[in-house]
């Protein structure tokens with residue numbers, strides 16, 4: 168029987184986007200899916216600096232792109248499994264909240280660097296300025312469509328409380 172969505176608890180330390188070194192290796196977290204049985208989420212978080220030319224109506228020219236990629240796999244075999252996007256989105260929102268961000272962007276089942284389809288993963292982005300504060304999407308960095316995260320999955324809210 169699937170677990171109840173209201174009792175999700177992060178069992179591992181989440182990366183601190185406000186303080187983690189951008190040059191460090193990506194943060195990897197494995198967690199059992201709470202809303203489906205026998206599914207594991209493998210969550211990769213990375214922080215990449217950006218420096219782009221100034222454009223009209225785009226204020227940010229330098230900062231960081233936070234990428235969260237959630238792979239959903241069969242816990243026993245490691246093969247790809249489908250999981251409704253509400254739970255992966257909840258993990259992305261929770262990771263983004265370590266900067267105080269209320270939202271990020273959903274990119275879809277894509278490689279965030281190329282915009283090409285990637286079966287078995289969901290990608291999310293958050294943009295931060297050089298002081299690690301959330302900022303609007305810099306147009307110069309857009310390689311694929313972005314969907315505001317809260318607007319996409321608001322019909323099925325799942326909360327993943329962080330542990331102290």
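In our numbering, the protein residues as written are 168 to 331. Built from N, CA and C at the ideal position, the CB exists for glycine as well.
For the 9 Å CB-CB criterion, residue 235 and residue 263 form a contact. Taking 9 Å as the cut-off, the beta carbon of residue 253 is found closer than this to the beta carbon of residue 202.
Judged by beta-carbon spacing, residue 297 lies within the 9 Å limit of residue 229, meaning their Cβ atoms are closer than that value. Approximately 15 Å separates the beta-carbon atoms of residue 265 and residue 193; this is outside 8 Å, ruling out the contact. For the options 210, 273, 248, 214, the alpha carbon positioned closest to that of residue 204 is the one of 248. Residue pairing from DSSP places residue 236 in a beta bridge opposite 211, 290.
Counting only the Cα atoms, residue 300 lies some 37 Å from residue 246. Within the same chain, and ignoring the five residues on either side of residue 316 in sequence, the residues whose Cβ sits closer than 7 Å to its Cβ are 256, 259, 260, 270, 271, 272, 273, 291.
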